[in-house]
Amino acid sequence: MEFREPEAPGYDRRHARLDAGDRWAEIADHYETDPDDALDLHGTRLSCYAVRRGSVNWEKQGR
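Note that numbering that gives the first Met the number 0 has the sequence shown beginning at 0, numbered continuously upward.
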């Protein structure tokens, strides 16, 4: 049996925020489908940035 350390509280949130990289569209889609979960996981600033960045990309594509 393998012993694993329990994850620290908020680990998923920290990991999701640090790993945002070029996943802006994925974060924006997450916000569109489940805004409460996206805000909890990614935070307000990161979610808003992703949505704004996504809307700029939509304008560039002529949509």
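Yeah, the Cβ is synthetic: ideal placement off N, Cα and C, and Gly gets one too.
At the C-beta level, Ala27 and Arg44 stay beyond 9 Å of one another. In the three-state DSSP reduction, Arg22 falls in the coil class, being neither helix nor strand. In this structure, Leu38 keeps its C-beta atom at 9 Å or more from the C-beta atom of Asp11. Counting C-beta atoms within 10 angstroms of its own C-beta, Ala49 has 16 or more neighbours from the protein chains shown and is therefore classed as buried.
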